[in-house]
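Working notes, beginning with the structure itself.
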Amino acid sequence: QKDYASAKGSLLDGVALDSLHVNTNALLCQLYLNDGKADSAQVHLNRIRDLNGDRFRGLQRRVADALRRQGLTRDALAQYENLAAADSSQTAELYDLLATLCDGVGDADEALNWRRRLLLHQEQTDSGAPGVKIGTLREMALLQEKTSAYDDALATLHRLAHLDSANAYPYY
Numbered sequence: 016q017k018d019y020a021s022a023k024g025s026l027l028d029g030v031a032l033d034s035l036h037v038n039t040n041a042l043l044c045q046l047y048l049n050d051g052k053a054d055s056a057q058v059h060l061n062r063i064r065d066l067n068g069d070r071f072r073g074l075q076r077r078v079a080d081a082l083r084r085q086g087l088t089r090d091a092l093a094q095y096e097n098l099a100a101a102d103s104s105q106t107a108e109l110y111d112l113l114a115t116l117c118d119g120v121g122d123a124d125e126a127l128n129w130r131r132r133l134l135l136h137q138e139q140t141d142s143g144a145p146g147v148k149i150g151t152l153r154e155m156a157l158l159q160e161k162t163s164a165y166d167d168a169l170a171t172l173h174r175l176a177h178l179d180s181a182n183a184y185p186y187y
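Going from the sequence shown to the numbering used here is simple: count from 1 and add 15.
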């Protein structure tokens, strides 16, 4: 424990000398994550995130997940949005997560925007089996109803009826 505290103190001294030193901030970020202090980890991640491209995407995802688990949803949203803009390998998962989190904090309009992006991604990459697209459209219809966009909700339900002509999925 003493060595840990000493190492952390030395890293903090180092960051005081050079606030953008990449390795020091990365180590502090990891230490704070291990301590369960996602908000402090985020501070050090944000200093280096944009300087190093993809190098810290895994660490950034860990920070975002930790922020979400600790109830710091707005901070988590900012990290996930940055990841969604930079990491195309997890686009569908991140868009779905962003939509869910936005809806959870009461921002149905932004949740609907993320659902629309998800559907467009599914259509462009053909990555969505009919059931996956149906799920996205179903969530969109619910959000459209929540935002009083009734004409859009009806159009989405019409699209659902065509996509799922056997009515295999519950969404009405």
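Note that CB positions come from ideal geometry on N, CA and C, so glycine has one too. These figures come from a predicted structure and were not determined experimentally.
First and last residue of the uninterrupted alpha helix (DSSP H) at residue i
i, result
"H36", "First-last for H36: undefined, no H or E at that position."
"S235", "Because the chain here runs from 16 to 187, residue 235 falls outside it and cannot be looked at."
Under the three-state DSSP convention, the category residue i falls into
i, result
"T171", "helix"
"A164", "coil"
"D50", "coil"
Whole-number beta carbon distance between residue j and residue i, since they are thought to touch under 8 Å
i, j, result
"A114", "R89", "Not a contact, Cβ separation roughly 15 Å."
"R72", "L98", "7 Å"
"L92", "V78", "About 12 Å; that fails the 8 Å criterion."
The segment 139–151 touching the segment 116–123, judged by at least three CB pairs closer than 8 Å: no
Whole runs of the alpha helix (DSSP H) within the segment 56–144, excluding any shorter than 4 residues: 72–84, 88–101, 106–119, 123–140
Three or more C-beta pairs below 8 Å linking the segment 79–99 and the segment 53–65: yes
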